[in-house]
Structure formats: structure tokens, C-alpha cells
Amino acid sequence: MSKDISNLSSNLILNKEDFKNRIEERIKDGKKLLTYEVIVNRIESNKYILSGYRTVYDKTSEQGFLSLYFKWKEYNIELLKRSFDIPENEYVSEYKDNISKNFSFIEEVDRSKIDIKNQITFLESIIGRLELIPTKEERKTSNKMGTINTNKIFIVHGHNNQIKSEVARVLEKLNLDPIILHEQADNGMTIIEKFEQHSNDVNFAIILLTADDFGNVKTEENTKPRARQNVIFEMGYFYAKLGRKNVFLLKENEVENPSDLSGIIYTPYDEQGAWKMKLVKHLRDTGYKVSGDDILDNF
């Protein structure tokens, strides 16, 4: 059973022409593999097989073919992993769907040749839709041009669930889709792979700097409230990926400002909700068609 890939949206990291050439080479090798002559020792009847008979192949010849097929198949999987920014991407999953299970009523050689044909067809389908497959460079260009092609907004948060939920509700009222990492399916990915995947789907991020930790420099005795380390890391990541104008910092007043970030504009979180209209203005300034009227009942 293949894993759920409905939420995956990977980007090609190779040049499209180079990727096409590599896939065409794999198709060529697959077609050559189909012509591999596996020596037949004999054909014998077998009532447990649909055709009523089974082909007994020369073991050495059979193993030679199966070894070549295994190497061809595994190379294709590795190529698809390394060609996209998400290793366990939707194309890898689709390819694996064309690998049969070990059914006893079909000889392994015959089953493998059916698989090769199906996998070749799949590789050909990738070439057929290559112009529709996004590349990382195309996404970067889109972001630089200020084109808003998604309503997904990434929320970076710590342990303050109340503020996180409040921000998510505001986004939903603005007809935007809040992305909260732990609510997304893992799909077999590590945390960093999952983070990278979903960060590729957004043009805007909201960073919640809440008082979740305490810290101080060695020369001071008093500790100060700080945001969690993952929040600071992800804030820097989105600054580099999306640019400052596409990142909104919402900070509890008592939280210590991160060092070496003087000049960064923070929006203070207030229980009266003035931050909500500032968020709407920031979103509008970056190209989102949102209206403060949609959240007036939140005040």
C-alpha cells in the first residue's frame, strides 16, 4: 500500500533539460532490458497457475536478468529522490506503485518484465508533464516578483497554544490556510524534511515569539523570557527563504529580543487584538487580498 502523497508538492532541483535527458536514458536502458534473453529450460504443467503451465528458466540466466532489473529499478528510485527537494517525493511514491508484490502464480521473470513496462510508461509520463513540474528556481522567481500563488500561511510557534490558535482563527477568517507543522501528515519524512516540504508551499510566515524558555548570558544572574530555539531557527530560515517583507513577527512584550537582530520590526501581542489589524495591513502590503472587515467580530 502506497503512502499518502496528497499533501506533497516537491520542486525539481535539476535543470529540466538535464532531468529529461536522464529520464530518457533510463527509459532506453529499460527497453534494452526487456530484450534480455532468459534461457528456458523447460515448460511444465501446473494447475495452480492461471495459464496452466509454468516456465522453468535457467537459474544462472534468470539471476542475471533479475540482477540487472534490480539495479535498473533502484537507480531510477535514487534518481527520482535526488532530482527533487523532497527525497521521499510524490514521484518516488508513484514509481513504487508500479512494483509488483511477489505473487506466486506469476514467474518472477515474467512479473519483472511486466513491471519494467509499467515503470517505463510511468517515466514517459513524467516527460509528458515535465513542463508542469515546478522547479525551485521558478518558485524563487515567483516569490521575488511578489506573486501570491497560494493562500497557505506558515505559523512558527512555541508552546503557547492559546496564541497559536488565535492566530490560526484570524487567518481562517481571512480565507487563508494556516499551516501548523505538527498538524501535517509525516508521510515518512524526518522533521526537517517535513519542515522543508511545507515551507515550499507558502509565500508568507508568521513567527510567534512567546515566553516559552528562560535564559541569560554567563555574566548575568537574572534570566529573561525567551522564545524557543526552534522558533529562532525557523525565523531565520524564513527570513532567508521569503525575505523580510514576507515574515510577520508577533512578540509577547516580555520576551527578550534575539541578539544581532537590531532594526527588525516586531508587532507586540496584546489581548485587545490591535495586532490583528497590523497583520491584515502587512498581508495587504505583500499582495494578499484580505480585509479587516472579516475579523471585526474578533475584537
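Under this note's numbering, the first residue of the sequence shown is numbered 1, with each subsequent residue one higher. Beta carbons: idealized from backbone N, C-alpha and C, even for Gly. Please read all numbers here as calculations on a predicted model, not as lab measurements.
Between the beta-carbon of residue i and the beta-carbon of residue j, is there less than 9 Å?
i: residue 279; j: residue 180; result: no
i: residue 203; j: residue 135; result: no
i: residue 163; j: residue 178; result: no
i: residue 224; j: residue 196; result: no
i: residue 295; j: residue 173; result: yes
i: residue 283; j: residue 251; result: no
i: residue 62; j: residue 108; result: yes
i: residue 98; j: residue 115; result: yes
i: residue 130; j: residue 16; result: yes
i: residue 226; j: residue 256; result: yes
i: residue 86; j: residue 200; result: yes
Going by DSSP, which residues form a beta bridge with residue i?
i: residue 55; result: 43
i: residue 328; result: What is shown of the chain runs 1 to 299, which leaves residue 328 out entirely.
i: residue 154; result: 179, 205
i: residue 210; result: Looking at the DSSP assignment, residue 210 forms no beta bridge with any residue, so it has no partner.
i: residue 135; result: 12
i: residue 286; result: Per DSSP, none; premise fails for residue 286.
i: residue 268; result: 251
i: residue 84; result: 12
Distance, Cα to Cα, residue i vs residue j?
i: residue 30; j: residue 176; result: 45 Å
i: residue 189; j: residue 101; result: 24 Å
i: residue 285; j: residue 277; result: 12 Å
i: residue 211; j: residue 186; result: 28 Å
i: residue 84; j: residue 78; result: 11 Å
i: residue 10; j: residue 290; result: 28 Å
i: residue 288; j: residue 157; result: 22 Å
i: residue 40; j: residue 80; result: 34 Å
i: residue 232; j: residue 91; result: 33 Å
i: residue 42; j: residue 68; result: 23 Å
i: residue 128; j: residue 33; result: 22 Å
i: residue 183; j: residue 244; result: 26 Å
i: residue 281; j: residue 249; result: 13 Å
i: residue 95; j: residue 264; result: 46 Å
i: residue 54; j: residue 38; result: 14 Å
i: residue 230; j: residue 192; result: 11 Å
i: residue 65; j: residue 117; result: 15 Å
i: residue 73; j: residue 112; result: 10 Å
i: residue 239; j: residue 293; result: 29 Å
i: residue 18; j: residue 57; result: 39 Å
i: residue 235; j: residue 168; result: 18 Å
i: residue 159; j: residue 258; result: 18 Å
i: residue 161; j: residue 242; result: 25 Å
i: residue 6; j: residue 93; result: At residue 6 the pLDDT is 44, less than 50, meaning the model places this residue with poor confidence; the figure from the coordinates comes in the next sentence. Whole-angstrom Cα-Cα distance: 11 Å.
i: residue 222; j: residue 82; result: 48 Å
i: residue 165; j: residue 35; result: 60 Å
i: residue 237; j: residue 121; result: 39 Å
If you follow the beta strand (DSSP E) that residue i is part of, which residue opens it and which one closes it?
i: residue 249; result: 247–251
Could you please give the first and the last residue of the uninterrupted alpha helix (DSSP H) stretch that includes residue i?
i: residue 185; result: Counting along the chain, residue 185 falls outside any alpha helix (DSSP H), and DSSP gives it neither H nor E.
i: residue 171; result: 161–173
i: residue 121; result: 108–128
i: residue 229; result: 229–242
i: residue 334; result: Residue 334 lies beyond the range of the chain shown here (1 to 299); nothing can be said about it.
i: residue 194; result: 191–199
With a 10 Å radius around its C-beta and 16 neighbouring C-beta atoms as the bar for buried, classify residue i as buried or exposed.
i: residue 4; result: Confidence at residue 4 is low in this model, with a pLDDT of 44, below 50, so its placement is unreliable and no value can be given for it.
i: residue 132; result: exposed
i: residue 214; result: exposed
i: residue 75; result: exposed
i: residue 147; result: Residue placement at residue 147 cannot be trusted, given a pLDDT of 49 that sits under 50; the coordinates are not used to answer.
i: residue 23; result: buried
i: residue 125; result: exposed
i: residue 28; result: exposed
i: residue 119; result: buried
i: residue 246; result: buried
i: residue 71; result: exposed
i: residue 274; result: exposed
i: residue 194; result: buried
i: residue 59; result: exposed
i: residue 21; result: exposed
i: residue 89; result: buried
Does any CB atom of chain B fall closer than 9 Å to the CB of residue i?
i: residue 115; result: Included in the structure is just one protein chain, with no chain B present.
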